[in-house]
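Those protein sequences? They're chains R and A, same order as listed. Quick note: the first sequence, position 209, residue 225 per my numbering, numbers continuous. Quick note: the second sequence, position 230, residue 246 per my numbering, numbers continuous. No residue lacks a Cβ here, since even glycine has one placed at the ideal position from N, Cα and C.
Protein chains: 2
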Amino acid sequence: MDDSAKSDIVTAAILVIGDEILSGRTKDKNIGYIAEHCTKIGIQLREVRVVADEEADVVAAVNALRARYTYVFTTGGIGPTHDDITADCIAKAFGVAIAVDPRALALLKPYYEKRGLELTPGRLRMARIPDTASLIDNSISIAPGFMIGNVITMAGVPNIMQVMLDAVTPRLKTGRKMHTVAIDLDHPEGAIAEMFGAHQKLYPEVAMGSYPTIRDNRPCTQLVLRSIEQNKLDEAAATLRAKLASMGLG
Amino acid sequence: MDDSAKSDIVTAAILVIGDEILSGRTKDKNIGYIAEHCTKIGIQLREVRVVADEEADVVAAVNALRARYTYVFTTGGIGPTHDDITADCIAKAFGVAIAVDPRALALLKPYYEKRGLELTPGRLRMARIPDTASLIDNSISIAPGFMIGNVITMAGVPNIMQVMLDAVTPRLKTGRKMHTVAIDLDHPEGAIAEMFGAHQKLYPEVAMGSYPTIRDNRPCTQLVLRSIEQNKLDEAAATLRAKLASMGLG
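This is how it looks when you write it as structure tokens:
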């Protein structure tokens, strides 16, 4: 890949923050959703980490990931209770102050007033935003996410995370889209391994993966070809189909 | 926590290896399953990473995680095709050789012979096992997983991963079990944030988390208390229930 193409590549990582995922009590639904969203808009997700609600672990992961990728999406830990430590961790990772943000307060105050609810210290916690961060709209329950530098901090509740992701997407730089071709085979992986490995060598710009599945009790295979170069992808897929046909597997 | 208790703590991380998870094409089902299994048997899952099928990334993640936790479970990348690089990466991480293992070959050979299938170089790849590793039975499709040092390498296909996890579990050291109490509230988190934070401070041996949910269109909360100390957990749960009742929220 030459340098001009490389500069079109936008990368990302996801950092899931939450004891409840690590205990198995809550099954994560955000990783797959964000992964698909990134692929769709032209961002390449390169890594995911899940860490506990421990300040040192969160800060270390944020700093490792934000140095390495164009963007870091975090989910979880921005609610009103003591175990919601994400905003403070992000401030610490960036070395900035954190306090109740007037913009966030202006969103929360009328929301609670309208519902006859007190703006308790807990609820005020949700207005704590690291200095220099921009807010991310939450059209469901108002308490905003935020973006600071290349880190995007969102709620853990899936439907709230999803509206935040939609809200922040227009602000993100996106790169060349990854195109995909999938070929389903009624044969096990072992039948095509050598040919497929040799085919990969012919097309270094196309990432080729083989995924075993079971269909009707028989081992089957899905071959997936991915590339940002549509022409190369089409060529690699056409020549692969021809090889499969000549082997009687097409 | 005193030192005698600490020595009873067994920790783990999961390393998911696979481009298909990062592209969003395949939704991971192994993290939640292994997380629940660990909790059940007395192993505390502390971290999860998902990395691409890139040797340098896999080796770096294996070495970072195996230095930090009692066990590392890896999933994915042990099939017959060129994109299955996990076994080689593990060998590299441990600095040991890797070759076709006679024990693994003795499993695969009759399996393929019986089915009239050739033991192609691709299928032979699945018998490549790092030196000094022990094998992990695969009662579904025979090609084994393996354990080397504190790293347990399993398939990515969920039902095969699950039989491997069952097969390796008797070999694992387990620690004190985490006990859990969950309390469901028909009120939003904001209503209990201060009390709950103060309650956490009274019971440092009990990890307390608050998780917002929506039930019948209304914001609700689940409070989760977790501890390896059953007595402390029972006491913390009883006093919490009393406080909730006195606030009219119980």
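For this session: Determine the direct distance from the alpha carbon of M163(R) to that of K130(R), and round the result to whole angstroms.
Result: Straight across, the Cα-Cα distance linking K130(R) with M163(R) is about 27 Å.
For this session: Please confirm whether A103(A) and V75(A) have their CB atoms less than 7 Å apart.
Result: No, these two residues do not count as a Cβ contact at 7 Å.
Exercise. Of all the CB atoms in chain A, is at least one closer than 7 Å to the CB of Q216(R)?
Worked result: So, interface residue.
Problem set entry | Delimiting residues of the beta strand (DSSP E) encompassing L241(A) | Taken as a continuous stretch (DSSP letters only), the beta strand (DSSP E) holding L241(A) covers 234–243.
For this session: Evaluate the contact criterion for the segment 238–246 of chain R versus the segment 221–228 of chain R: three or more CB pairs, one atom per stretch, below 8 Å.
Result: Segment contact: the segment 238–246 of chain R against the segment 221–228 of chain R, three or more CB-CB distances shorter than 8 Å; contact assigned.
For this session: Report the residue from T91(R), T42(R), P186(R), P235(R) whose alpha carbon sits nearest the alpha carbon of I158(A).
Result: From the listed residues T91(R), T42(R), P186(R), P235(R), the smallest Cα separation to I158(A) is found for P235(R).
Exercise. At a Cβ threshold of 7 Å, is V67(R) touching chain A?
Worked result: Yes - at least one Cβ of chain A is within 7 Å of the one on V67(R).
Problem set entry | Cutoff 7 Å: T102(R) Cβ touching any chain A Cβ | The C-beta of T102(R) comes no closer than 7 Å to any C-beta of chain A.
For this session: Tell me whether T255(R) sits in a helix, a strand or coil according to DSSP, three-state version.
Result: It is helical.
For this session: Output yes if chain R places a C-beta closer than 7 Å to the C-beta of G95(A); else output no.
Result: Contacts with chain R at 7 Å (Cβ-Cβ) include G95(A).
Problem set entry | CA-to-CA distance, R257(A) to G172(A), given in whole angstroms | The straight-line gap from Cα to Cα measures roughly 42 Å.
Problem set entry | Sheet register partners of D200(R) (DSSP bridge) | DSSP lists Q238(R) as partners of D200(R).
Problem set entry | Contacts of E129(R) in chain B (Cβ-Cβ under 7 Å) | In the structure shown, chain B does not exist; the protein chains are R and A.
Exercise. If the cut is a Cβ gap below 8 Å, which residues of chain A does R242(R) touch?
Worked result: Chain A residues near R242(R): D35, S39.
For this session: Please confirm whether V67(A) and E52(R) have their CB atoms less than 7 Å apart.
Result: The Cβ atoms of V67(A) and E52(R) do not sit closer than 7 Å to each other.
Exercise. Applying the criterion that 16 or more other CB atoms from any shown protein chain within 10 Å of the CB defines a buried residue, is L218(A) buried or exposed?
Worked result: Looking at its Cβ environment, which holds fewer than 16 other Cβ atoms inside 10 Å, L218(A) is exposed.
For this session: Consult DSSP for A261(A) and reduce its assignment to one of helix, strand or coil.
Result: The answer is helix: DSSP assigns A261(A) an H, G or I state.
Problem set entry | Pairwise C-alpha distance: D35(R) and T27(A) | Taking the Cα positions, T27(A) is about 14 Å away from D35(R).
Problem set entry | Beta-carbon proximity of D24(A) to R192(A), cut-off 7 Å | Yes, they are a contact pair.
For this session: Can you say whether V116(R) is buried or exposed, counting buried as having 16 or more other CB atoms within 10 angstroms of its CB?
Result: Under the 10 Å beta carbon count, V116(R) is surrounded by fewer than 16 other beta carbons and is classified as exposed.
Problem set entry | Closer than 7 Å to chain R by CB, R234(A) | Not a single C-beta of chain R is nearer than 7 Å to the C-beta of R234(A).
Exercise. If you draw a straight line from the C-alpha of S262(R) to the C-alpha of A143(A), how long is it?
Worked result: Taking the straight line from one Cα to the other gives about 28 Å.
Exercise. In its own chain, which residues sit with a C-beta less than 8 Å from the C-beta of A209(A), not counting the 5 before and 5 after it?
Worked result: The residues are S226.
Exercise. Mind checking whether M170(R) and T91(R) have CB atoms under 7 Å apart?
Worked result: One thing to note: M170(R) has its Cβ within 7 Å of the Cβ of T91(R).
Exercise. With which residues is Y49(A) paired in a DSSP beta bridge?
Worked result: According to DSSP, Y49(A) shares a beta bridge with no other residue.
Exercise. Cβ of V167(A) within 7 Å of Cβ of R82(A)?
Worked result: In terms of Cβ geometry, V167(A) and R82(A) form a close pair [threshold 7 Å].
For this session: With DSSP as the reference, label S20(A) as helix, strand or coil.
Result: With a pLDDT of only 41 at S20(A), under 50, the local geometry of the prediction cannot be trusted, and the value read off the model is given with reservation. The three-state reading of DSSP puts S20(A) in helix, counting H, G and I together.
Exercise. Whose Cβ in chain A lies nearer than 7 Å to the Cβ of D99(R)?
Worked result: Near D99(R) (Cβ distances below 7 Å), the residues of chain A are M224, G225, S226.
Problem set entry | Within chain R, partners of R144(A) - CB distance below 8 Å | Close partners of R144(A) in chain R (Cβ separation under 8 Å) are lacking, with about 13 Å as the shortest Cβ gap.
Problem set entry | Host alpha helix (DSSP H) of I176(R) (start-end) | Run containing I176(R): 174–184, per the alpha helix (DSSP H) assignment.
Problem set entry | CB contact below 7 Å: V167(R) versus chain A | By this cut-off, V167(R) is not an interface position.
Exercise. What does T27(R) reach in chain A if we use C-beta pairs closer than 7 Å?
Worked result: Those do not exist, as T27(R) stays about 10 Å from chain A at its closest Cβ, beyond 7 Å.
Exercise. At a CB-CB cut-off below 7 Å, which residues of chain R make contact with P126(A)?
Worked result: Per Cβ cutoff of 7 Å: no residues; P126(A) is ~15 Å from chain R at best.
Exercise. Applying the criterion that 16 or more other CB atoms from any shown protein chain within 10 Å of the CB defines a buried residue, is N46(A) buried or exposed?
Worked result: Classification of N46(A): buried, given that the 10 Å Cβ count is 16 or more.
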